[in-house]
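Contents: one structure, followed by commentary.
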Amino acid sequence: MIGGGDLREGDTHLIDEDVLSLKPEGSTFVFFGFAAQDSADYADAITAVYGDKYAVALPTVAKGREFAINAIKSADIIYLGGGDTEQLMRGFAQWGLVEYLRTAIDRGAHVAAMSAGAQALSAWYVHEDANTFELRKGWGFVPLGVLVHATPTSYDKAKLLWSGHEMASACPLVAIGEGAAWRVSGSEASKVGLGSIWK
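Numbers given in the working numbering equal positions in the sequence shown, counted from 1, plus 2.
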């Protein structure tokens with residue numbers, strides 16, 4: 003599941019409800035806040051939303067690589083939070099966590115990824131900085147081009163950029179608005195939340 007919105011402001015409440023329906027009580031829920039510099043406020047918000055049902059594990063830079071690897075190995079659900087996409091991807095690369103994430107997905111763990119996390123999971127993502135749009139490569143777990151925090155205007159600009167990309171014909175572009183997520187399972191995909199999706 004990939005999406006956008008601020009959990010702390012309640013933007014993702016329908017997405018959160020969907021994630022809470024994925025696994026039984028007591029399942030292991032692993033939150034990576036690397037993209038937000040391991041923000042304590044973000045971790046507290048995650049625990050407030052998910053901690054009553056799931057056993058929440060919070061890998062951080064301070065806890066180290068071994069803690070992160072063991073958390074991924076035991077995870078039923080992995081949540082990649084928002085913030086700076088490159089910081090998230092750099093942290094995973096430095097600790098060699100991407101292959102552990104791949105193994106977790108292969109064994110059936112669910113992954114929820116908001117904002118930066120959604121971009122990292124995608125094949126390609128549209129990095130937006132003011133009026134500048136740039137295509138950047140993600141990990142490729144989700145075979146899509148992705149724009150998060152999308153609006154009709156930003157989607158039009160991203161679509162124009164994407165149309166000239168070599169992968170455009172084989173890899174669709176999905177633009178995800180605030181409060182929406184795109185749930186992908188094999189060849190099936192559907193929208194979750196009240197926000198808009200453009201594709």
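Note that CB positions come from ideal geometry on N, CA and C, so glycine has one too.
Only a predicted model underlies this, so the values are computations on that prediction, with no experimental measurement involved.
- Unbroken alpha helix (DSSP H) stretches of 4 residues or longer found wholly inside the stretch 99-125: 100-108 and 118-123, given in chain order.
- The Cβ-Cβ distance between ALA183 and VAL176 does not fall below 8 Å.
- The beta-bridge partner set that DSSP reports for GLY179 consists of ALA152.
- Unbroken beta strand (DSSP E) stretches of 3 residues or longer found wholly inside the stretch 12-51: 30-34, given in chain order.
- The beta carbons of ILE79 and LEU24 sit closer together than 8 Å.
- Note that the C-beta distance between ALA115 and LEU82 is below 8 Å.
- Between the beta-carbon of GLU27 and that of LYS55 there is about 5 Å, and that keeps the pair under the 8 Å contact cut.
- Sorting HIS129, TRP126 and LYS75 by C-alpha distance to the C-alpha of ALA111 places LYS75 at the top.
- If you draw a 10 Å sphere on the C-beta of GLY84, you find 16 or more other C-beta atoms in it, and that means buried.
- For GLY93, the enclosing alpha helix (DSSP H) starts and ends at 87-96.
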